[in-house]
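Heads up, the thing below is written out as structure tokens.
Residue numbers (the working numbering): 13 to 626.
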């Protein structure tokens, strides 16, 4: 009865009456089977764009280009883990300022749809959920667990403080907000969905709400709510688009039809082939939807970049697959802000379907990119030598995940001084996600979670120092395993079946590299090392750093963490935004996980995607 009461009160507070789909605000309404803007039928032509994936200095440029392509709306997630990095400590500054992003969209003539989560998926680290929730043993995310719901309620309340003046109920550009995200793919607890809905109402989101799921009778009923608009996510050509809506029609009766996500491309995962999607298929799908007055959201119109540590990971059939730094997505506007053939094709389709009297703005110029002559990184320091300035050790009888030590992202080092000889199989359970194993500073090998690697033979003498450097390659962002994706070493380390105990643990979030002291030439040791160099620009334009030959690691330019590189591809270059560069000298630091290979880098005008043959 308590949950039934919650369901009924939720619908009443939201202004929703069973079984109609009439939800009104002074500016935007859902009724009579269509969207209404200021009382007139309104077809939403939206594109997805994520503010943390684009430097703030470039927001206006990207939004202006989306408007010129023919869109009238921009959709974005609100990224909880970006804005609450620690419990109760909210940060909406800089690239996290979602309200500023919405205001900029409004200034460029665009309405906005916001998807506040708490789960966003988005191939984003942990699906946008803060990693610190994993510090609570047994907490179940995306569930009726009161500990999770307490945290999500606080998030919605604080987010609404940023967005309330921008809601359509107050004349602002935010037309609608989404309840959860693609919940039908993973769950079937309507009480949980109702609880999230009620939290959003209580927080002050008094605009129409909707749910978004895969098409058809499998996923939609599990992830939808009575009396609420339900939209569908899919891809394909015009015929496949027609089929998706036909399959979903009985579940969308009486409500506006909308593609909540029409996938214009796809994302890349390390070690797999680069993904693209045919321009003709995308154009025919959008044309079919516009022919039938169906609203849509193009996911993505500008994919952007998973800067820093923010890429997510898949867990397909219990097989861990981390997402690349680039989130270009084969979008109409590419990662560097350049207009693609897909942009031109979609602009033509949209222009041919515009309502009478509406014209499209002039197309802005593509963002320029430049080549940079090859330069050398000629000073370095090994990770082990730099360790005292980077981290203070904590002691632990057995290894634990980085969350236990108050750490969310980056690397973590486990150190053990061996009391006795250690010969046999070194078995690390579990490796989350990529471990570099060293003895007295010399590399013994690596363990890669993608390949289910967790053991290697060792023959070490008493007194040796064993170091396990483990990199968090991105938490699972959807599906099974997500709720238990602690990082580092999560259980034990054994040699020949015997536990190794009493460890010194060094958290390495690497959010401050100011303690690094570089020396000319190669660093001492053969393991992970930081390399430093510089390059000079006459004019700061965007570029793509050619990381071929560098094996695996991370890059910082002028203090900005660009993200990860890995020779296994498909991504072989790293995008550097023009706004993070400056005229004259620019500093670069590369954390290289293995010795050898290249110590020079060039900037390229175009990205490189290539998956080397195995």
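Note that beta-carbon positions come from the ideal geometry of N, C-alpha and C, so glycine has one too.
Buried or exposed for residue i, please, with buried defined as at least 16 other CB atoms from any protein chain shown within 10 angstroms of its CB.
i           : result
residue 154 : buried
residue 230 : exposed
residue 209 : buried
residue 619 : buried
residue 437 : exposed
residue 386 : exposed
residue 265 : exposed
residue 77  : buried
residue 33  : With a pLDDT of only 47 at residue 33, under 50, the local geometry of the prediction cannot be trusted, and the value read off the model is given with reservation. The residue in question, residue 33, is buried, as its Cβ has 16 or more Cβ neighbours within 10 Å.
residue 185 : buried
residue 134 : buried
residue 19  : Caution is warranted here: a pLDDT of 36 is assigned to residue 19, below 50, making its placement in the model unreliable, and no coordinate value can be reported.
residue 222 : buried
residue 529 : exposed
residue 105 : exposed
residue 22  : Unreliable positioning characterises residue 22 in this predicted model, as indicated by a pLDDT of 34, which lies under 50. The coordinate reading is nonetheless provided below. Classification for residue 22: buried.
residue 527 : exposed
residue 499 : buried
residue 369 : exposed
residue 461 : buried
residue 203 : exposed
residue 364 : exposed
residue 601 : buried
residue 564 : buried
residue 55  : buried
residue 26  : Confidence in residue 26 is poor, its pLDDT being 35 and thus under 50, which makes the residue's placement too unreliable to answer from.
Does DSSP put residue i in a helix, in a strand, or in coil?
i           : result
residue 625 : coil
residue 6   : Missing from the structure shown is residue 6; the chain here goes from 13 to 626 and no further.
residue 490 : coil
residue 616 : strand
residue 60  : strand
residue 362 : helix
residue 255 : helix
residue 594 : coil
residue 321 : coil
residue 87  : strand
residue 356 : helix
residue 93  : helix
residue 245 : strand
residue 50  : coil
residue 510 : strand
residue 541 : strand
residue 332 : strand
residue 530 : coil
residue 327 : strand
residue 205 : helix
residue 292 : helix
residue 386 : strand
residue 402 : helix
residue 195 : helix
residue 182 : helix
residue 299 : helix
residue 455 : strand
residue 419 : coil
residue 372 : coil
Under 8 angstroms by Cβ, that's how I've got residue i and residue j pegged, so tell me the actual separation to the nearest angstrom.
i           : j           : result
residue 470 : residue 459 : Actually they are not in contact, since the Cβ atoms of residue 470 and residue 459 sit about 12 angstroms apart, beyond 8 angstroms.
residue 501 : residue 411 : 4 angstroms
residue 323 : residue 486 : 4 angstroms
residue 80  : residue 291 : That belief does not hold up - the Cβ atoms of residue 80 and residue 291 are roughly 18 angstroms apart, past 8 angstroms.
residue 260 : residue 227 : 5 angstroms
residue 382 : residue 553 : 4 angstroms
residue 427 : residue 515 : 7 angstroms
residue 604 : residue 543 : 6 angstroms
residue 406 : residue 507 : Their Cβ separation, rounded to whole angstroms, is 22 angstroms, which puts residue 406 and residue 507 out of contact at 8 angstroms.
residue 157 : residue 591 : With a Cβ gap of about 41 angstroms, residue 157 and residue 591 do not count as contacting.
residue 318 : residue 575 : 6 angstroms
residue 480 : residue 531 : Rounded, the Cβ-Cβ distance is 26 angstroms, inconsistent with contact.
residue 342 : residue 289 : 6 angstroms
residue 236 : residue 194 : Rounded, the Cβ-Cβ distance is 11 angstroms, inconsistent with contact.
residue 309 : residue 585 : At roughly 29 angstroms, the Cβ-Cβ gap does not stay under 8 angstroms, so residue 309 and residue 585 are not in contact.
According to DSSP, which residues form a beta bridge with residue i?
i           : result
residue 11  : Nothing about residue 11 can be read from this structure; the chain reaches only from 13 to 626.
residue 275 : 311
residue 427 : 479, 516
residue 548 : 597
residue 579 : Paired residue(s): none; residue 579 is not in a bridge.
residue 713 : For residue 713 there is no data in the structure shown, the boundaries of the chain being 13 and 626.
* Asked: Which ranges would you report for the alpha helix (DSSP H) in the segment 99–164 if only whole runs of at least 4 residues count?
  -> 110–119
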